[in-house]
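Using this note's numbering, the letters of the sequence shown map in sequence onto residues 358 to 482.
Let me begin by presenting the structure, written as structure tokens, before commenting on it.
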Amino acid sequence: MRAGTVCSVHGCPNLTPCPTHPPRQRWDRSTRGQSLPVDWRKLRGVVLARDRGVCQLRLPGCTVRASHVDHIRPHAFGGSDDIENLAAACPNCHDEKTKTEARLGRERAAALRRGEHWTYPGDHR
């Protein structure tokens, strides 16, 4: 029997599979735990091929090589799983965009609690 490997998280003494740090990439669920479309693996492959494996976000810290697929307009703000709403992204850009979208979500929630109107950036309604 082969011995397990040590968890990849620095300083964690657990062997894999680590109960504290599960694997990061799962293609059947989003990072927020929402179910992805049944054909997500295929759709992801099509988007990465269409964008030639190059990050389309190009934010500061971009590594250029894409391994993630981003919803241009997130589900939380009315986005869909249509291929036109998907773009290849490097992990750094995808993480930064996700953080920005989380901040926007908090701002939207606060505005709605105050009874204010809120629109997604770029919407001109």
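Glycine residues also receive a C-beta, built at the ideal position from the N, C-alpha and C atoms.
Secondary structure note for residue 446: it is in no alpha helix (DSSP H), and the uninterrupted beta strand (DSSP E) holding it is 443-446. Assigned with DSSP and collapsed to three states, residue 452 falls in helix.
Residues of the same chain with a CB within less than 8 Å of the CB of residue 412, apart from the 5 flanking positions on each side, are 419, 420, 421, 422, 423, 445, 446, 447, 450 in chain order. Here residue 378 is exposed: its Cβ has fewer than 16 other Cβ atoms, across all protein chains shown, within 10 Å.
DSSP, reduced to helix, strand and coil, places residue 372 within a strand of the structure shown. Annotation for residue 426: the continuous beta strand (DSSP E) segment containing it runs 425-428.
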